[in-house]
Amino acid sequence: MKTNKEWHQAHRMPARATLEQRVAWHIEHARHCGCRQMPEKIREEIKKRNLKA
Ligand SMILES: [Zn+2]
2 MKTNKEWHQA
12 HRMPARATLE
22 QRVAWHIEHA
32 RHCGCRQMPE
42 KIREEIKKRN
52 LKA
């Protein structure tokens, strides 16, 4: 999959992101860009929270 550079420029991960922020970032990321896979830890958190990725 292609990297969505524009999305990345507009959505930088904060340097000290909380887990909450990381989960939200990865959900948005998966919608807009396919440059990397969601880490297993993030997937687990999404499952726990019953969110849709
Ligand atoms: Zn990406």
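Per the working numbering, the sequence shown starts with residue 2, numbered consecutively.
In this text, a Cβ means the ideal position worked out from N, Cα and C, and glycines have one as well.
The model shown is predicted, which means the values in this text are computed figures rather than measured ones.
Quiz item: In terms of residue numbering, what span does the alpha helix (DSSP H) encompassing Q38 cover?
Solution: Counting along the chain, Q38 falls outside any alpha helix (DSSP H), and DSSP gives it neither H nor E.
Practice problem: Closer than 8 Å by C-beta to V24: which residues in its own chain qualify, once you throw out the five before and the five after it? Chain order, please. | Solution: The answer, listed in chain order, is I43, E46, I47, R50 and L52.
Quiz item: Going by the C-beta, is T19 closer than 7 Å to any heavy atom of ligand 1?
Solution: Checking every heavy atom of ligand 1 against the Cβ of T19, none is found closer than 7 Å.
Practice problem: May I ask whether a heavy atom of ligand 1 can be found less than 7 Å away from the beta carbon of N51? | Solution: No.
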